[in-house]
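Q: Per mature numbering (1 follows the signal peptide of the UniProt record, and there is no 0): the sequence shown = residues -20 to -1, 1 to 148.
No residue lacks a Cβ here, since even glycine has one placed at the ideal position from N, Cα and C.
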Amino acid sequence: MPKQYLALLLGWWCAQVVNSCPDGTFTYGNSCYLEFNIQATWAEASIICKAYGGYLANINDVHEQHVIQTVVSRNIGGFVPGIFWLGGTDMQIEGEWVWTGNVEAMGAYQNWALTEPNNAGGKEHCLEMDTGNHYQWNDNDCEHRFNFICEMPTADPGVGAGGQGIIG
């Protein structure tokens, strides 16, 4: 293994050991968030998030929604289209939306766009957030390719090494 890859792996591992957020992530509560400028299906995005020790982002309250909006809006120039996969799905039971990070039903906070979720065409089972529609949520076909946001748990609720701190 080349030395530079070993150094990168060691740096990532050290960040995990101290329960802090790695470089390039942002922190809110007990989570680190990492946005990906990669077009992927919902399933592919889920696999990538798992490889990073996390899951597609779950948004449980208005503050968490605003944190994600703030970070995404700072970088929106590099993202086309402005749609991001989140961790919600109703694949198991139509109309019963759950977060994949903890397999719990969505709580009281939900940010659906008007008339959503609507399961258009009978195949919209994955949750996305559309920056062009005021960051509101929409159910979409899981096979579409969008950017995505991963959430990784951490025991440190403050600023992690390299993390950008709490925003809000």
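#1: Here's the rule: buried if 16 or more other CB atoms are within 10 angstroms of the residue's CB, otherwise exposed. What is aspartate 3?
#2: State yes or no: is the C-beta of phenylalanine 6 nearer than 6 angstroms to some heavy atom of the ligand GTP?
#3: Would you decide whether glutamate 123 is buried or exposed? Buried here means 16 or more other CB atoms lie within 10 Å of its CB.
#4: Which parts of the segment 17 to 76 are runs of the alpha helix (DSSP H), unbroken and 4 residues or longer, counting only runs that do not cross its ends?
#5: Cα-Cα, which of Thr7, Asn120, Trp92 is closest to alanine 23?
#6: How close, in whole Å, do the beta carbons of histidine 105 and threonine 69 come, if the pair is a contact with beta carbons under 8 angstroms?
#7: Consult DSSP for asparagine 120 and reduce its assignment to one of helix, strand or coil.
#8: Does the beta-carbon of serine 53 have 16 or more other beta-carbons within 10 angstroms, so that it is buried, or is it exposed?
#9: Nearest to serine 26 by alpha carbon, out of Tyr8, Gly67, Gly62, Glu44?
#10: Using C-beta distances below 7 angstroms, list every residue in its chain close to glycine 62, excluding the 5 sequence neighbours before and after it, in chain order.
#11: Using only alpha-carbon positions, find the residue among Leu14, Asn118, Asn40 that is nearest to threonine 95.
#12: According to DSSP, glutamate 131 sits in a beta bridge with which residue or residues?
#13: Within a Cβ cutoff of 7 angstroms, which residues of the same chain sit near tryptophan 92, ignoring the five residues on either side of it in sequence?
#14: Can you give me the C-alpha to C-alpha distance between valine 60 and glycine 33, rounded to a whole angstrom?
A: Concretely, from the data shown:
#1: Residue mapping note: residue 3 aligns to position 23 of the sequence shown, counting from 1. Counting Cβ neighbours within 10 Å, aspartate 3 comes out exposed, since fewer than 16 surround it.
#2: Looking at this structure, you won't find the ligand GTP or any other ligand, since it has none at all.
#3: On the sequence shown, position 143 is the one that residue 123 refers to. Looking at its Cβ environment, which holds fewer than 16 other Cβ atoms inside 10 Å, glutamate 123 is exposed.
#4: Taking only runs of at least 4 residues, the alpha helix (DSSP H) segments lying wholly in the segment 17 to 76 are 22 to 31, 42 to 55.
#5: Taking the sequence shown and counting its residues from 1, one reaches residue 23 at position 43. Checking every option, the nearest Cα to that of alanine 23 belongs to Asn120.
#6: For this step, residue 105 is matched to residue 125 along the sequence shown. For this step, residue 69 is matched to residue 89 along the sequence shown. The beta carbons of histidine 105 and threonine 69 sit about 6 angstroms from each other, so the pair counts as a contact at 8 angstroms.
#7: Taking the sequence shown and counting its residues from 1, one reaches residue 120 at position 140. The three-state secondary structure of asparagine 120, taken from DSSP, is strand.
#8: Counted from its first residue, the sequence shown places residue 53 at position 73. Exposed is the call here.
#9: Here residue 26 refers to the residue found at position 46 when the sequence shown is read from its first residue. Minimum Cα distance to serine 26 is reached at Gly67.
#10: For the purposes of this step, residue 62 is taken as residue 82 along the sequence shown, with counting starting at 1. Closer than 7 angstroms at the Cβ level, and outside the excluded window around glycine 62, lie Ile56, Asp110, Thr111, Gly112.
#11: Indexing the sequence shown from 1 puts residue 95 at position 115. Of the listed residues, the one whose Cα sits closest to threonine 95 is Asn118.
#12: Taking the sequence shown and counting its residues from 1, the one referred to as residue 131 is at position 151. Bridge partners of glutamate 131: Tyr13, Tyr35.
#13: On the sequence shown, position 112 is the one that residue 92 refers to. Same-chain partners within the cutoff: Gln116, Trp117.
#14: Counting from one through the sequence shown, the residue named residue 60 turns up at place 80. Counting from one through the sequence shown, the residue named residue 33 turns up at place 53. In this prediction, valine 60 has a pLDDT of 49, which is less than 50 and means its spatial position is unreliable; what the coordinates show is noted afterwards. Between valine 60 and glycine 33, the C-alpha separation is close to 26 angstroms.
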